[in-house]
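Protein sequences appear in the order of chains A and B.
Counting with the UniProt record's numbering, you get residues 1 to 152 for the letters of the first sequence.
Counting with the UniProt record's numbering, you get residues 1 to 152 for the letters of the second sequence.
This report concerns only the one structure given below.
Number of protein chains: 2
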Amino acid sequence: MDDVPGSMGTSASFSLRLGQTIFSSASLFFMALGVQFYSYTAFCYLVTIMGLAIPWSFTLTIVDGYSVLVKWPIRQPRILLIVIIGDWVLSILILAAACSAASVVDLLLHSDGSFCPLKVCRRYQVSAAMAFLSWFLSMASSLFNLWLLPSL
Amino acid sequence: MDDVPGSMGTSASFSLRLGQTIFSSASLFFMALGVQFYSYTAFCYLVTIMGLAIPWSFTLTIVDGYSVLVKWPIRQPRILLIVIIGDWVLSILILAAACSAASVVDLLLHSDGSFCPLKVCRRYQVSAAMAFLSWFLSMASSLFNLWLLPSL
């Protein structure tokens, strides 16, 4: 029952979750700000996945915040397993979305500029970068919790 | 020391590795057959990653085949850990490459056809699909070995 930093119910985990929520929201914001996103499949996919990731991260942020406040971390193996699998599936989906969006943006930037104005393209790029950061934090959460699991 | 099916040195693992080698090679083959691939970043990335994945899978196929033949599976935790981490990193890279290639192909297909003829585009699509299959098998190998690790 030793505390792995970053596992559920620690303040490090709270920071990770907060980061996920912020980066996912930023990614969605920058993507949805330009209303052209629905003409590209990859961008629609990114928006869909972020629509899944934000509630998930936000819920776990609140749970972690509460655990830190009352100093009573959740240590039920079954709940932890669900969180690990959820994080892991989400991180794969976010990675897929981020890669798709990034490659499409790259293609659009290297075309002759007829598809998207430079300003819009830069916004898409920021959105993809935010999605990559969100993927990284999500995977870190999953790994830290997986590390904790055998000791329960 | 019980045998987890799919972990290193079993015949299931040999099949997984063989599948990875075949799918990675097929992906590289279908991508490199059309010589236009180097005009798109995502396709170049796929070719690079497949160039990494094929030797890795092929080496492990041979190791597994030898282990099955002499009935003496490798069970050193350190070697297993290296294989797990290698598989895991490769599976992330392959997923990224497959998603990028798939989204770019999708974009090219939905443009007016001036970028790639339908026949070439279909070939790229097959290549991306093969990369996805290769990712799936690579991740399965990594998970099976991870499952075995704590029992060593």
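Beta carbons: idealized from backbone N, C-alpha and C, even for Gly.
As the structure is a prediction and not an experimental result, all values here were calculated from the model.
- For Ala98 of chain A, the CB contacts under 6 Å within the same chain, skipping 5 residues up- and downstream, are Ala128, Ala131, Phe132 and Trp135 in chain order.
- Taking 8 Å as the threshold, the shortest C-beta distance from Ile85 of chain B to chain A does not fall below it.
- Contacts between Thr41 of chain B and chain A, judged by CB atoms closer than 9 Å, involve Ser103, Asp106, Leu107 and His110 in chain order.
- Close partners of Ala96 of chain A in chain B (Cβ separation under 7 Å): Leu95 and Cys99.
- At a cut-off of 8 Å between C-beta atoms, Ile92 of chain B counts as an interface residue with respect to chain A.
- Taking a Cβ-Cβ threshold of 9 Å, the residues of chain A close to Pro150 of chain B are Pro150, in chain order.
- Around the Cβ of Gln76 of chain A, a 10 Å sphere holds fewer than 16 other Cβ atoms; the residue is exposed.
- Under the three-state reduction of DSSP, Leu52 of chain B is assigned to helix.
- Here Leu81 of chain A has Leu149 as same chain residues with Cβ atoms under 8 Å from its own Cβ, once five neighbours each way along the sequence are excluded.
- The beta carbon of Gln125 of chain A sits closer than 8 Å to the beta carbons of Ala102, Val105 and Leu109 from its chain, once the five residues preceding and following it are set aside; these are given in chain order.
- Taking Ala140 of chain B as the centre and dropping the five residues before and after it, the same chain places the C-beta of Gly6 and Leu16 closer than 8 Å to its C-beta, in chain order.
- The alpha carbon of Ala96 of chain A has as its nearest neighbour, out of A:Ile49, A:Leu60, A:Thr10 and A:Thr61, the alpha carbon of A:Ile49.
- Rounded to whole angstroms, the Cβ separation of Phe43 of chain B and Met31 of chain B is 6 Å, and the two are in contact under 8 Å.
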